[in-house]
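With the sequence shown counted from 1, adding 2 to any position gets you our numbering. Even glycine gets a Cβ: it sits at the ideal position worked out from N, Cα and C. Model, not experiment: these values are computed from the prediction.
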Amino acid sequence: MEKKYLFSPGPTMLPPEVLLKMAEPIMHHREPEFEKIFAEIREGLKYLFQTKNEVLIFTSSGTGAMEGAVSNILSKGDKAIVVRGGKFGERWGEICKAYGIEFIPIDVAWGKAVDPKRIKELLESDPSIRAVYTQASETSTGVKHPIQEVADLVKRYEDRVIVVDAITGIGVFNIPTDAWGLDVVISGSQKALMLPPGLSFAALSDKAWKFVERSSLPKYYFDFKKELKNTKKNQSSYTPAISLFVGLRESLHMIRKEGLEAVFRRHEKLAEATRRAVKALGLELYAPDSPSNAVTAVKIPDGIDGEKLKDLFFEKFGITVAGGQDRVKGKIIRIAHLGYYERLDMVMVISALEMLLKGMGYAFELGAGVKAAEEILMK
Ligand SMILES: Cc1ncc(COP(=O)(O)O)c(C=O)c1O
Numbered sequence: 003m004e005k006k007y008l009f010s011p012g013p014t015m016l017p018p019e020v021l022l023k024m025a026e027p028i029m030h031h032r033e034p035e036f037e038k039i040f041a042e043i044r045e046g047l048k049y050l051f052q053t054k055n056e057v058l059i060f061t062s063s064g065t066g067a068m069e070g071a072v073s074n075i076l077s078k079g080d081k082a083i084v085v086r087g088g089k090f091g092e093r094w095g096e097i098c099k100a101y102g103i104e105f106i107p108i109d110v111a112w113g114k115a116v117d118p119k120r121i122k123e124l125l126e127s128d129p130s131i132r133a134v135y136t137q138a139s140e141t142s143t144g145v146k147h148p149i150q151e152v153a154d155l156v157k158r159y160e161d162r163v164i165v166v167d168a169i170t171g172i173g174v175f176n177i178p179t180d181a182w183g184l185d186v187v188i189s190g191s192q193k194a195l196m197l198p199p200g201l202s203f204a205a206l207s208d209k210a211w212k213f214v215e216r217s218s219l220p221k222y223y224f225d226f227k228k229e230l231k232n233t234k235k236n237q238s239s240y241t242p243a244i245s246l247f248v249g250l251r252e253s254l255h256m257i258r259k260e261g262l263e264a265v266f267r268r269h270e271k272l273a274e275a276t277r278r279a280v281k282a283l284g285l286e287l288y289a290p291d292s293p294s295n296a297v298t299a300v301k302i303p304d305g306i307d308g309e310k311l312k313d314l315f316f317e318k319f320g321i322t323v324a325g326g327q328d329r330v331k332g333k334i335i336r337i338a339h340l341g342y343y344e345r346l347d348m349v350m351v352i353s354a355l356e357m358l359l360k361g362m363g364y365a366f367e368l369g370a371g372v373k374a375a376e377e378i379l380m381k
């Protein structure tokens with residue numbers, strides 16, 4: 003019998019409640035019934051992003067909202083700081099380049115978090131910097147960046163904003179948009195929102211909206227001002243992914259029912275169990291100092307082929323885990339635990355890891371990882 007499980011950091015596994023809603027016959031997006039759903043979604047997103055402002059929704063993958071956070075925030079001649087600690091940090095730089103924005107990269111060693119001191123120095127030495135682009139959780143390395151500290155630095159300046167790619171942060175750990183003074187917060191549907199890929203989100207502060215007002219870069223589909231006007235009427239500018247919106251209402255409802263605090267605690271527990279388990283197997287974490295609760299990146303021990311291990315997960319158990327990207331291809335595997343995951347899911351994936359490593363000749367005591375995970379999960 004074949005059974006499949008996703009333990010990749012997006013797309014993630016989906017709750018049956020959401021799947022069933024999305025299977026309902028499609029409705030038209032200009033009908034009052036859809037507007038009612040839209041209105042509920044607006045409230046649910048404000049709760050999730052912890053903001054009083056509107057959260058924009060685009061029919062695109064997360065990168066769409068990232069692009070919009072450059073083309074709507076900056077103007078010709080503006081300069082930006084880009085935190086580059088992995089593949090997604092690099093993406094901020096690539097988008098800036100595409101729009102002709104000069105940026106100063108802060109190249110952070112992969113597996114490490116950015117040092118806010120470096121950002122402070124740059125902000126103080128270069129008055130032409132208008133924005134800091136960073137990740138909350140750098141999915142390619144499993145690192146959590148110190149967003150609150152960076153926000154505290156940027157907050158001092160009326161003419162500078164912090165833009166946070168929280169695609170694997172929102173709904174995983176606490177990112178209170180308003181309370182921390184985050185100016186733009188981005189997310190995507192196929193992560194902790196427990197939906198298929200296809201929606202991206204952007205929450206903007208009042209300060210960020212002032213930047214939008216003066217932005218002179220070209221934009222069309224990802225036009226934040228136009229989208230805001232329509233959002234307030236429970237409409238999207240163009241045909242939205244209607245079935246995903248219907249699913250989103252359900253997943254937001256599930257998140258609210260569980261409660262944000264409980265959602266964060268659950269992710270903390272699953273992540274901690276995973277970290278303890280792999281360490282109990284004698285494996286090393288790739289991001290030991292500042293791990294993200296979205297995904298655990300594990301170093302592949304000497305003598306084990308990392309790509310082979312990833313492939314065997316699928317061949318033997320139908321489990322998709324993520325390998326390493328780019329310079330860490332074959333050197334790490336990434337086990338995700340964001341979204342629709344519970345305690346026993348982690349026991350399963352750790353057990354599979356143990357069986358595979360044993361089969362590949364890696365020496366350890368069978369059951370050590372599962373035991374370590376259980377000790378956390380029982381608490
Ligand atoms: C931190 C982060 N940023 C950006 C993206 C890109 O999102 P998408 O593939 O939905 O465009 C991802 C996707 O994995 C991500 O994890």
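For residue i, the residue or residues it bridges with in DSSP
i: Asp304; result: Note: Asp304 sits in no beta bridge, so no partner.
i: Pro107; result: Val84
i: Ala133; result: Ala82, Val163
i: Phe266; result: Note: Phe266 sits in no beta bridge, so no partner.
i: Lys146; result: Ser139
i: Leu8; result: Thr322
i: Ala338; result: Val297
Residue i burial status per 10 Å Cβ neighbour count (16 or more: buried)
i: Pro220; result: exposed
i: Leu58; result: buried
i: Lys193; result: buried
i: Ala365; result: exposed
i: Glu377; result: exposed
i: Gly305; result: exposed
i: Pro118; result: buried
i: Gly102; result: exposed
i: Met3; result: exposed
i: Leu379; result: buried
i: Ala100; result: exposed
i: Thr406; result: A question about residue 406 goes unanswered here, because the residues of the chain that appear run from 3 up to 381.
i: Pro129; result: exposed
i: Arg32; result: exposed
i: Ser28; result: Residue identity differs from the one stated: residue 28 is Ile in this sequence, not Ser. Ile28 should be labelled exposed.
i: Leu197; result: buried
i: Tyr135; result: buried
i: Ser77; result: exposed
i: Ala324; result: buried
i: Pro11; result: buried
i: Asp167; result: buried
i: Pro293; result: buried
i: Gly66; result: buried
i: Phe316; result: exposed
i: Gly363; result: exposed
i: Arg86; result: buried
Element boundaries [beta strand (DSSP E), containing residue i]
i: Ile149; result: Careful: Ile149 lies outside any beta strand (DSSP E), inside the alpha helix (DSSP H) at 149-156.
i: Gly190; result: 186-190
i: Val166; result: 163-167
i: Ala370; result: Per DSSP, Ala370 belongs to no beta strand (DSSP E); it is in the alpha helix (DSSP H), 370-379.
Whole-angstrom C-beta distance between residue j and residue i, which should lie under 8 Å
i: Val190; j: Ile169; result: A quick correction: the sequence has Gly, not Val, at residue 190. Yes, they are in contact, since the Cβ atoms of Gly190 and Ile169 sit about 5 Å apart, within 8 Å.
i: Asn74; j: Phe203; result: About 14 Å; that fails the 8 Å criterion.
i: Ala115; j: Pro148; result: 6 Å
i: Val300; j: Ile337; result: 7 Å
i: Thr179; j: Ala205; result: 5 Å
i: Glu344; j: Lys234; result: The pair is not a contact, with the Cβ atoms about 37 Å apart (cut-off 8 Å).
i: Val297; j: Ile321; result: Not confirmed; about 14 Å, so no contact.
i: Ile97; j: Met68; result: 6 Å
i: Met15; j: Gly341; result: 7 Å
i: Gly95; j: Ser139; result: Gly95 to Ser139, Cβ: 18 Å. No contact.
i: Gly308; j: Lys333; result: 6 Å
i: Ala282; j: Ala374; result: 4 Å
i: Ile121; j: Val152; result: 6 Å
Range of the contiguous alpha helix (DSSP H) that encloses residue i
i: Ser353; result: 345-361
i: Pro118; result: 118-127
i: Met256; result: 244-260
Enumerated in chain order, which unbroken segments of the alpha helix (DSSP H) with a length of 4 residues or greater are wholly contained in the region 19-89?
Listed in chain order, they are 34-51, 64-73.
Please list the segments of the alpha helix (DSSP H) lying wholly inside the region 167-236, counting only runs of 4 or more residues, in order along the chain.
Within the region 167-236, the runs of alpha helix (DSSP H) at least 4 residues long that lie entirely inside it are, in chain order, 208-216, 226-233.
Would you mind listing the beta strand (DSSP E) stretches within the region 272-336 that are 3+ residues and don't spill past its ends, in chain order?
Entirely contained in the region 272-336, the beta strand (DSSP E) runs reaching 3 residues are, in chain order, 297-301, 321-325.
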